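With numbering that gives the first Met the number 0 applied, the sequence shown has no gaps in its numbers, which climb one by one up to 137 at the end. Heads up: the structure comes next, in structure tokens.
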Amino acid sequence: MRPTAGAGPSAGPVSSAPVKPSPTEEPGGSAAQPDAGHEIPQRQLDASALPADYPRKAKRNKAGDGLLITAQEGGCGKASAELVRQTGSEVVVLLVHTVPQDGTTMCTMDIRYPELPVKLAQSLGERTLVLKAEERQE
Numbered sequence: 000m001r002p003t004a005g006a007g008p009s010a011g012p013v014s015s016a017p018v019k020p021s022p023t024e025e026p027g028g029s030a031a032q033p034d035a036g037h038e039i040p041q042r043q044l045d046a047s048a049l050p051a052d053y054p055r056k057a058k059r060n061k062a063g064d065g066l067l068i069t070a071q072e073g074g075c076g077k078a079s080a081e082l083v084r085q086t087g088s089e090v091v092v093l094l095v096h097t098v099p100q101d102g103t104t105m106c107t108m109d110i111r112y113p114e115l116p117v118k119l120a121q122s123l124g125e126r127t128l129v130l131k132a133e134e135r136q137e
């Protein structure tokens, strides 16, 4: 049997401490967060205030300093996202669906699911993302 490289008395001590991944360098010189681009886990997402048929999906942006939240819009409606507040424990975002007020506009009968960007003061980290929804007329 051949000895394994790095094995034996000269291999040195082995640490069992967890290793935290370091940010990686993005093109353009910005440091990406290790969880950037990943979907927010359901345990960290409070979408209980959304309508039953509304999507419940959000992810961190590639820079790690914001979110991409999947919203719903249809016909003449337009979806937007408003950052309501950021605290040490939660980030609250209001998803707004704005529709024409006049009632005479002909609109298509389609549903779209745009990803809306929301810029944060700092990475979401372990904070809870709370999603709320509102319909407005203009």
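Every residue gets a Cβ at the ideal spot worked out from N, C-alpha and C, and that includes glycine. If you're wondering where the values come from, they're calculated on a predicted model, not measured in any experiment.
_What does the alpha-carbon distance come out to for the pair L94 and G102?_
By 1-based counting over the sequence shown, the position of residue 94 is 95. By 1-based counting over the sequence shown, the position of residue 102 is 103. Distance between the alpha carbons of L94 and G102: 22 angstroms.
_Assigned exposure category for R135 - 16 Cβ within 10 Å defines buried_ = Position 136 of the sequence shown, counting from 1, holds the residue named residue 135. It counts as exposed.
*Between which two residues does the beta strand (DSSP E) containing G65 stretch?*
The residue given as residue 65 occupies position 66 in the sequence shown. Here the beta strand (DSSP E) through G65 covers G65 to T69.
*Since I believe I68 is in contact with V91 (beta carbons under 8 angstroms), could you give me their beta-carbon distance rounded to a whole number of angstroms?*
Along the sequence shown, read from residue 1 onward, the residue named residue 91 stands at position 92. Along the sequence shown, read from residue 1 onward, the residue named residue 68 stands at position 69. Not quite, the Cβ-Cβ distance comes to about 12 angstroms (not below 8 angstroms), so this is no contact.
_What would DSSP say about S29, mapped onto helix, strand or coil?_
By 1-based counting over the sequence shown, the position of residue 29 is 30. For S29, the pLDDT reaches just 44, beneath the cut-off of 50, and the residue's location in the model is therefore unreliable, leaving the point undetermined.
*To which residues of the same chain is Q85 closer than 6 angstroms at the C-beta, ignoring the five residues directly before and after it?*
On the sequence shown, residue 85 is found 86 positions in, with the first residue counted as 1. Within the same chain, Q85 has close Cβ partners A120.
*Given that a residue counts as buried once 16 or more other Cβ atoms are within 10 Å of its Cβ, and exposed if not, what is I39?*
In the sequence shown, the residue the question calls residue 39 occupies position 40. Label assigned to I39: buried.
*Roughly how many angstroms separate the alpha carbons of A30 and A62, rounded to a whole number?*
Sequence index remark: in the sequence shown, residue 30 carries index 31 (1-based). Sequence index remark: in the sequence shown, residue 62 carries index 63 (1-based). Legend: pLDDT at A30 = 49, less than 50; position of this residue unreliable, no value from coordinates given.
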